[in-house]
């Protein structure tokens with residue numbers, strides 16, 4: 025049924041609540057898991073305002089360099105995180121690959137899934153609503169509406185128990 029399941033993570037416990045579901049799917053379908061984490065580009069962070077990522081808005085080169093350095097550190101941390109999660113899943117006999125992506129979360133997840141032949145995206149929703157969702161959007165919502173692929177969206181309960 026599924027041979028490649030893309031699993032976006034962000035390092036948070038809420039995002040990780042999708043892992044038991046992805047693991048169960050991978051075991052049942054003998055599918056490969058592709059773990060991804062998206063780190064924004066320096067220009068996206070520098071241009072953030074109430075409307076979200078955008079133009080640099082006159083940010084100085086010093087600010088951009090500082091952001092680039094901080095984001096490079098974040099990429100290194102993301103690599104270590106994905107490697108750790110990958111090893112835990114591999115220890116359970118699963119086939120796992122991982123990659124750190126750069127850019128806008130939803131668009132990079134969609135692009136990655138399409139380029140790698142992903143046939144399912146399994147993602148956790150952080151459950152934002154109201155003003156928070158209006159200003160920051162929902163990565164899960166954008167992936168669901170724009171990917172053209174089947175998407176399993178898990179609404180985290182905070183208990184981490186996984187599938188029943």
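Numbering (my numbering), first residue to last: 25 to 188. Backbone N, C-alpha and C fix where the C-beta goes; we use that ideal spot for every residue, glycine too.
Residue j and residue i - do their beta-carbons sit closer together than 8 Å?
i	j	result
residue 95	residue 120	no
residue 47	residue 27	no
residue 131	residue 178	no
residue 59	residue 33	yes
residue 175	residue 167	yes
residue 118	residue 170	no
residue 124	residue 140	no
So residue i and residue j are in contact, right, with Cβ under 8 Å, and what is the actual spacing, rounded?
i	j	result
residue 2	residue 41	In the structure as shown, the chain starts at 25 and stops at 188, and residue 2 therefore has no counterpart that could be examined.
residue 137	residue 30	4 Å
Can a CB atom of chain D be found closer than 8 Å to the CB of residue i?
i	result
residue 104	Absence of chain D from the displayed structure is noted, only one protein chain being present.
Closest to residue i by C-alpha separation, out of the options, would be which residue?
i	options	result
residue 65	97, 138 and 51	97
residue 54	45, 85, 25 and 44	25
residue 35	173, 101, 84 and 135	101
Q | Touching by the beta-carbon criterion (3+ pairs, under 8 Å), the segment 139 to 146 and the segment 97 to 116 | A | Too few Cβ pairs lie closer than 8 Å, so no.
Q) Quick one: complete beta strand (DSSP E) runs, 3+ long, within the segment 160 to 184? A) Runs found: 175 to 178.
Q | Inside the segment 32 to 68 only - beta strand (DSSP E) runs reaching at least 3 residues | A | DSSP runs (the beta strand (DSSP E)) wholly in the segment 32 to 68: 56 to 63.
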